[in-house]
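Reading through the structure tokens given below for one structure.
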Amino acid sequence: MVLKYHPVDHSAAQPTGFKIFVGRVVHSKSLTHLEILPDAAVGVKPDGTIAFVDAQAGTLDDVRARCVAAREAGFHNAATTVLKRSQFLFPGMVDTHLHAPQWPNLALGMEGNLREWVENWTDPMEASYSDTAKARRVYADVVKTTLALGSTTVAYNSSIHADATNVLADAALKAGQRAIVGKLCITTGSTRGNWEEGTEASLAASEKSVKHIRTIDPRGRLVHPCIQPRGGPYCPPDLMKGLGKLRAQHDTYVQAHMCETPSDISRTLEIHPGFDCYSDMYKANGLLTSRSILAHCIHLQPKDIATLAATRAGVAHNPNSNTCLRDGECRVRDLLDAGVKVGLGTDCSAGYMPSITDAMRQASNVSRHLALHAGDERYILGFTELVYLATMGGAAVVDMQDRIGSFEAGKKFDALVVDVEGVISADASLWAEGGEGDGLAMVKKWVFLGDDRTIRKVYVDGTLVGGHDA
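Number 181 in the UniProt record's numbering belongs to position 181 of the sequence shown; there are no gaps in the numbering.
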């Protein structure tokens with residue numbers, strides 16, 4: 001039976017907290033398999049858990065009848081949303097690396113290299129968050145904007161200030177965004193007053209933030225604490241060792257930078273003698289687990305790659321910032337072939353666009369430049385791989401692959417309602433043309449041509465939290 005599409009329609013029945021979405025559904029099943037269901041139904045329970053994904057929806061009466069037959073209590077009175085032909089349901093995207101305090105620097109200072117960027121732009125801006133009032137103003141905007149751009153989960157870097165970091169966690173929880181939040185740790189190698197007094201002060205402030213986050217979201221429904229050394233050049237051995245113990249004590253995530261530039265590596269090995277490669281230092285200090293997120297990882301040794309795979313640590317690939325600061329080109333293909341988890345990050349503000357759809361575009365371009373430079377076309381990332389990295393890949397990097405990233409029964413409903421009508425072309429039917437059926441052309445054109453206007457609704461944990469129509 002052909003589904004009759006019409007504008008969003010909410011059931012006249014009394015609201016029960018149950019929801020059914022009917023229409024085109026798009027999500028990744030693997031790196032090579034992008035599933036597009038042109039006439040599907042997705043049922044969501046009041047707690048935000050997906051109850052079913054029906055690949056052949058038919059009419060709303062058909063869906064409700066099957067729910068009753070399957071004894072899916074509550075769905076016969078569910079609030080129903082029928083998507084238009086120009087719309088599709090897409091998983092909420094995962095930003096695996098964003099510097100929240102650098103938000104005011106977006107699109108500024110990209111003329112320099114990494115070291116110049118850090119000293120002239122990052123350090124003075126991050127140091128200014130001793131002003132907690134500024135943190136409240138900036139972080140509310142960060143969370144609101146990233147949600148509007150479709151990032152339902154973000155791994156946030158904060159500053160060295162525990163109070164400001166706690167403001168960031170509060171902002172994410174209030175807005176309903178999934179977030180991993182950590183206080184930055186720096187006691188050496190920094191400038192413009194952007195450092196802490198010493199190891200004891202850094203560890204105490206880190207623990208303060210961990211305990212705050214565990215207090216405001218004790219079950220870890222949305223916001224999760226992490227331990228966050230800025231990187232090897234900024235945390236001497238005693239601090240790194242203490243951070244490893246703190247991670248183990250509180251069982252937290254880890255966020256850190258690794259192998260961003262050759263000088264980053266040499267400075268790390270100088271400050272941490274006795275190690276052959278960057279990853280050995282993190283591993284020896286107990287900072288590499290399946291919940292470790294390592295940004296950049298451009299200049300890796302083979303041993304680094306093997307260590308990442310063995311520890312199940314994930315890589316945040318930041319193609320925009322790596323290009324702007326001329327850091328180099330991450331060899332994503334080598335990581336994937338070795339079984340290393342990879343997701344996409346915006347790395348704002350060294351990356352100028354806080355959008356994961358833009359990160360998909362940039363990752364595509366960087367992979368093609370790498371293929372040109374290396375003379376090896378296997379480095380080119382295909383479209384299905386780009387979508388995977390933005391959704392399921394990111395979910396794996398933040399160790400939530402069993403909870404988010406795709407539409408499967410038992411997972412949480414983190415989702416976007418995407419609408420291509422009126423964007424780029426006034427005739428939405430043109431978005432479906434191009435020789436690729438079942439909506440693939442529409443999805444490709446959205447990724448490469450769409451903007452925030454196309455994201456009509458944003459759901460996290462089954463709750464509407466943003467979007468152009470929210």
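Quick reminder that beta carbons are idealized off the backbone N, C-alpha and C, glycines included. Please read these numbers as outputs of a predicted model, since none were measured by experiment.
As assigned by DSSP and simplified to three states, the class of K411: Taking the first residue of the sequence shown as position 1, residue 411 is located at position 411. DSSP places K411 in the coil class of the three-state scheme, outside both helix and strand.
For Y352, three-class secondary structure by DSSP: Counted from its first residue, the sequence shown places residue 352 at position 352. Here Y352 sits in coil by DSSP.
Cβ-Cβ distance between A78 and K19 below 7 Å: As a working note, residue 78 is residue 78 in the sequence shown. As a working note, residue 19 is residue 19 in the sequence shown. In terms of Cβ geometry, A78 and K19 form a close pair [threshold 7 Å].
Coarse secondary structure for N157, derived from DSSP in three states: As a working note, residue 157 is residue 157 in the sequence shown. Taken through DSSP and simplified to helix, strand or coil, N157 comes out as strand.
Buried/exposed call for L389, threshold 16 Cβ in 10 Å: Residue numbering aside, residue 389 sits at position 389 when the sequence shown is read from its first letter. By the neighbour-count rule (16 or more Cβ atoms within 10 Å), L389 is buried.
I36 to V465 span [Cα, whole Å]: In the sequence shown, counting from the first residue as 1, residue 36 sits at position 36. In the sequence shown, counting from the first residue as 1, residue 465 sits at position 465. Each residue's alpha carbon lies about 25 Å from the other.
Residues bridged to G466 [DSSP beta-bridge criterion]: Taking the sequence shown and counting its residues from 1, the one referred to as residue 466 is at position 466. Paired residue(s): V458.
Residues that DSSP places opposite G343 in a beta bridge: Stepping through the sequence shown from its first residue, residue 343 is reached at position 343. G343 is bridged to A316.
M400 in three-state terms, based on DSSP: In the sequence shown, residue 400 corresponds to position 400, counting from 1. In this structure, M400 counts as coil in the three-state DSSP scheme.
Inter-residue CB distance, L149 and I455 (contact presumed, cutoff 8 Å): Taking the first residue of the sequence shown as 1, we reach residue 149 at position 149. Taking the first residue of the sequence shown as 1, we reach residue 455 at position 455. At roughly 7 Å, the Cβ-Cβ gap stays under 8 Å, so L149 and I455 are in contact.
Buried or exposed by the 16-neighbour rule on C-beta atoms within 10 Å, applied to A55: For the purposes of this step, residue 55 is taken as residue 55 along the sequence shown, with counting starting at 1. Exposed.
Distance between D347 and K211 (C-alpha atoms, nearest Å): Numbered from its first residue, the sequence shown carries residue 211 at position 211. Numbered from its first residue, the sequence shown carries residue 347 at position 347. Distance between the alpha carbons of K211 and D347 is about 26 Å.
Start-to-end residues for the alpha helix (DSSP H) that takes in L381: For the purposes of this step, residue 381 is taken as residue 381 along the sequence shown, with counting starting at 1. Per DSSP, L381 belongs to no alpha helix (DSSP H) and is neither H nor E.
Under the three-state DSSP convention, the category A338 falls into: Your numbering for residue 338 matches position 338 in the sequence shown. Looking at A338 - three-state DSSP - the assignment turns out to be coil, as it is neither helix nor strand.
In DSSP terms, what L98 is bridged to: Taking the sequence shown and counting its residues from 1, the one referred to as residue 98 is at position 98. The beta-bridge partner set that DSSP reports for L98 consists of Y156.
Rounded straight-line distance, which links the Cα of T122 to that of G343: By 1-based counting over the sequence shown, the position of residue 343 is 343. By 1-based counting over the sequence shown, the position of residue 122 is 122. The alpha-carbon atoms of G343 and T122 are separated by roughly 24 Å.
With 16 other Cβ atoms within 10 Å as the buried cut-off, status of Q249: Translated into positions along the sequence shown, residue 249 becomes position 249. Answer is exposed; the Cβ neighbour count stays below 16.
Nearest-angstrom Cα separation, counted from G43 out to N194: Here the question's residue 194 lines up with position 194 in the sequence shown. Here the question's residue 43 lines up with position 43 in the sequence shown. Whole-angstrom Cα-Cα distance: 48 Å.
Same chain, Cβ closer than 8 Å to L222, neighbours up to 5 away in sequence not counted: Here residue 222 corresponds to residue number 222 of the sequence shown, with the count starting at 1. These residues qualify, in order along the chain: A172, L173, G176, Q177, R178, A179, V460, D461.
Inter-residue Cα distance where the pair is D251 and A65: In the sequence shown, residue 251 corresponds to position 251, counting from 1. In the sequence shown, residue 65 corresponds to position 65, counting from 1. Cα-Cα distance, rounded: 45 Å.
Cross-strand partners of C226 (DSSP beta bridge): Residue numbering aside, residue 226 sits at position 226 when the sequence shown is read from its first letter. By DSSP's assignment, C226 forms a beta bridge with G182, Y253.
Sheet register partners of G43 (DSSP bridge): Taking the first residue of the sequence shown as 1, we reach residue 43 at position 43. I20, F52.
Any non-hydrogen atom of the ligand ADP within 6 Å of I271 CB: Judged by which ligands are present, the structure shown has none, so any question about the ligand ADP falls away.
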